[in-house]
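Okay, so here's the structure we're looking at.
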Amino acid sequence: MSSPAGNLLKIDFKKVDWQEELSNNVTTLDELNEFLPLSGEEQKSLEEVVERHPMNIPRYYLSLIDPNDPEDPIRKLAMPSADELVVAGSMGETTQDPYGDDKHDKGNGILHKYPYSALIVATEYCAMYCRHCFRKRMVGLPNKQTVESFNNAAKYIAEHKEITNVILSGGDPLMLPTPILKQMLDTLRDIDHINYIRIATRVPVVFPMRLFDKELLSYLKEFNREKAVYVPTHFNHNREITSVATDAVQALREAGITVNNQAVFLRGVNDSPDALEDLMNGLVRIGVNPYYLYQCMPVSRVRHHFQVPLKEGIDIVNEAKSRLDGYAKRFKFIMGHDIGKIEICGRDGNKLVMNQIHSRPDHPEEASKVLIRELTDNAGWFDDLPE
Ligand code: SF4
């Protein structure tokens, strides 16, 4: 007799209608229980978790989970865990907003941190609510940071001629209906000082069927002829690089779009040289550029179970890099800090060597600054490192 988990494997996800499929997402613990049986105790503790941080798992992504392996990395990315109840645990203090989004919020969904880039929070909805998300405080929840009037957001961008590129982000902007996305992009295309657009999306990884929408892809292809479109995406594990995901990436590449990967370094998911080596080689194989590997931020309800100490982390990353060819090791190991992005370059004994790769508008002296800090065994974030 076939099981619900076994039945998922029979679905041809290359042929489903994306909007219809979205309505099949698993959003309650009772539904999840059918695929990944939960003990009574587990169900009880997870109820508290999903009340705070909703669950949303596409059937496609669920089909990638090994139901017999409680330590499965794909499961950890999708399924709520009682560890999410820990606000500040063994790794130390946490915050809701490590990247300083709130400080740079210009209202109406615009985050403007560096002069040249503006980010528009296009929606709070995602195809999946990743358990390690650094915007956990807002994804899937009512909030004041999502754009209310796109025309007013475009007006802000038009008035700030120093902005050369716009990031459509969220949530996941590709969850918006195609006609709405087209309207947004049409408006941005008409702003002369915008050189290129980024569409930040995890859809190729968690809900690739969105990219089989011919109307969207032919529009992006046409748009890309006038202004370049880049897609920063977010593969964390080699097992996410399936044949369906490969087809979705291929659809973007056929539209002339460059796809860059921004992985997050996560305990139990990709915290070994082998896992990173397989991920980066897998990305290059399908034409995705390894771009960033983010150190997991000190996000409340994420840090305790997902963050890897920097000392251990830099050794893992360097070991992986030593095995990779030049294209596969192009990624930077990064802390997305409030003061700007900080590249973690390497360590010399107990000294961690870093390079700040952006500066804030009021601190121009910080651009390209080399930072050296004492490395302790348990430090997981820049602020943990003594000067
Ligand atoms: S798709 Fe991105 S924004 Fe949405 S939950 Fe996942 S990591 Fe967060």
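For the sequence shown, this note's numbering gives the first residue as 1, with consecutive numbering after it.
In this text, a Cβ means the ideal position worked out from N, Cα and C, and glycines have one as well.
Because the structure is a prediction, the values reported are computed rather than measured.
When you compare only the Cα positions, how much space is there between residue i and residue j?
i      : j      : result
Asp72  : Ile65  : 7 Å
Ala88  : Lys15  : 44 Å
Lys10  : Pro4   : 10 Å
Lys113 : Glu20  : 37 Å
Leu371 : Pro98  : 19 Å
Arg347 : Cys296 : 18 Å
Ser300 : Glu48  : 15 Å
His132 : Pro361 : 29 Å
Asp69  : Thr94  : 29 Å
Val269 : Asp172 : 22 Å
Pro80  : Glu159 : 42 Å
Ala154 : Arg225 : 21 Å
Asp101 : Asn33  : 35 Å
Gln96  : Asp83  : 16 Å
Phe207 : Ser2   : 24 Å
Phe13  : Val203 : 13 Å
Arg198 : Glu41  : 43 Å
Ile257 : Met335 : 26 Å
Phe331 : Asp315 : 15 Å
Pro67  : Leu38  : 11 Å
Ser243 : Phe150 : 35 Å
Ala118 : Leu22  : 29 Å
Leu188 : Val259 : 20 Å
Met91  : Val26  : 31 Å
Gly6   : Glu31  : 15 Å
Gly349 : Ile120 : 41 Å
One question on the structure: do residue i and residue j come within less than 7 Å of each other, judged by their Cβ atoms?
i      : j      : result
Leu252 : Phe223 : no
Leu310 : Ala263 : no
Leu266 : Phe212 : no
Asn56  : Tyr129 : yes
Trp18  : Met138 : no
Leu8   : Arg75  : no
Ser169 : Ala127 : no
His337 : Val86  : no
Thr164 : Tyr230 : no
Lys341 : His358 : yes
Tyr196 : Lys161 : no
Val147 : Gly109 : yes
Leu62  : Phe35  : yes
Asp271 : Val308 : yes
Lys136 : His53  : yes
Considering only residues of the same chain and omitting the five flanking positions on each side of residue i, which have a CB-CB separation below 7 Å?
i      : result
Ile286 : Ile241, Thr246 and Val249
Leu176 : Ala122 and Thr123
Val205 : Thr233, His234, Phe235, Glu240 and Ala245
Asn152 : Asn108
Ala255 : Leu217, Leu220, Lys221 and Asn224
Gly313 : Phe265 and Gln295
His104 : Leu111, His112 and Lys113
Lys106 : His112 and Tyr156
In chain order, what residues of the same chain have a beta carbon less than 6 Å from the beta carbon of residue i, not counting five sequence neighbours either side?
i      : result
Ile180 : none
Trp381 : Pro298
Asp384 : none
Phe333 : Leu293, Val317 and Ile344
Asn238 : Asp278, Leu279 and Gly282
Leu29  : Gln43 and Leu46
Glu366 : Gln356 and Ser359
Tyr125 : Gly171 and Met175
Glu51  : none
Lys351 : Ile372
Asn24  : Arg59
Phe134 : Met297 and Val299
For residue i, which residues of its own chain have a beta-carbon under 8 Å away from its beta-carbon, when the five flanking residues on both sides are left out?
i      : result
Leu324 : Glu277, Met280 and Asn281
Thr178 : Asp213, Glu215, Leu216 and Tyr219
Leu283 : Phe235, Ile241, Asn261, Asn289, Pro290 and Ala328
Pro386 : Arg373, Glu374 and Thr376
Met354 : Met335, Ile342, Glu343, Ile344, Cys345, Val370, Leu371, Ile372, Arg373 and Phe382
His363 : Ile339
At a threshold of 6 Å, does residue i count as lining ligand 3 (C-beta to nearest heavy atom)?
i      : result
Val139 : Among the ligands in the structure shown, ligand 3 does not appear; only ligand 1 can be found there.
Check whether chain D comes within 7 Å of residue i, counting only Cβ atoms and requiring the distance to be less than that.
i      : result
Lys321 : The chain inventory of the structure shown lacks chain D, comprising one protein chain alone.
Discussion item. I'd like to know if the segment 319-339 and the segment 275-282 are in contact, where contact means that at least 3 CB-CB pairs between them fall below 8 Å.
Written reply: With the cut-off at 8 Å, the segment 319-339 and the segment 275-282 touch.
Worksheet item: Touching or not, the segment 186-193 and the segment 131-146, by the rule of three or more beta carbon pairs under 8 Å?
Response: no
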